[in-house]
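Each remark here refers to the structure printed beneath this line.
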Amino acid sequence: MNDRPIILFDGICNLCNNAVQFVIKHDTDGKFLFASLQSDAGQKLLEKFNFPIKNFNSFILLQNDLVYTQSTAALRVAKQLYGGWKLLYGFIIVPPFIRNAFYRLISNNRYKWFGKRDECMLPTPAVQIRFL
Numbered sequence: 054m055n056d057r058p059i060i061l062f063d064g065i066c067n068l069c070n071n072a073v074q075f076v077i078k079h080d081t082d083g084k085f086l087f088a089s090l091q092s093d094a095g096q097k098l099l100e101k102f103n104f105p106i107k108n109f110n111s112f113i114l115l116q117n118d119l120v121y122t123q124s125t126a127a128l129r130v131a132k133q134l135y136g137g138w139k140l141l142y143g144f145i146i147v148p149p150f151i152r153n154a155f156y157r158l159i160s161n162n163r164y165k166w167f168g169k170r171d172e173c174m175l176p177t178p179a180v181q182i183r184f185l
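Spelled out as structure tokens, the structure:
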């Protein structure tokens, strides 16, 4: 696997796309790579790690040959961002069943609350090299 962390996200979800834009803005070292779950690269990674290729309800972080999902993935990403966002990682002490219950509430309602696109986002040329 690539030595840089990879974030897999739902490419048609407005919330997910905004989260990716947020990470890009606060990842001043440009360490994260991205792939939508719907893309060829995303589908191959889902298959490689035995995830369903049609279930787009989880934010996935692949890093150091480990796979993190849901709230754990989000908190591990926050920990690596520039600025005070690192402090969010303190929520890792909350048991995963509690954190993931909130995560699933948002995930299951993300299209209704935030909307969705007809197709995956197209990255700007400046950040396109960070997309698989």
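My numbering puts the first residue of the sequence shown at 54, with every later residue one more than the last.
Quick reminder that beta carbons are idealized off the backbone N, C-alpha and C, glycines included.
Please name the residue in the options whose C-alpha comes closest to that of residue i.
i	options	result
residue 129	135, 136 and 121	121
residue 84	142, 147 and 114	114
residue 123	150, 104, 156 and 183	156
residue 163	150, 152, 112 and 151	112
residue 93	62, 110, 178 and 73	62
residue 125	142, 109 and 110	142
residue 72	182, 152, 160 and 153	160
residue 179	154, 148 and 77	77
Is it buried or exposed for residue i, if we count other Cβ within 10 angstroms and need 16 for buried?
i	result
residue 95	buried
residue 87	buried
residue 70	buried
Output needed for residue i: all residues of its chain with C-beta closer than 7 Å, excluding positions within five of it in sequence on either side, in chain order.
i	result
residue 106	96, 99 and 100
Using 9 Å as the limit for Cβ to Cβ distance, is residue i near chain C?
i	result
residue 99	Absence of chain C from the displayed structure is noted, only one protein chain being present.
Does the beta-carbon distance from residue i to residue j come in below 9 Å?
i	j	result
residue 80	residue 116	no
With a CB to CB cut of under 8 Å and the five nearest residues on each side skipped, what residues in its chain are close to residue i?
i	result
residue 136	79
residue 139	131, 132 and 133
Which residues in the same chain have their Cβ closer than 6 Å to the Cβ of residue i, if we skip the five residues on either side of it in sequence?
i	result
residue 145	128
Stretch-stretch touch, CB-based, cutoff 8 Å, three pairs: the region 63 to 72 with the region 152 to 171:
yes
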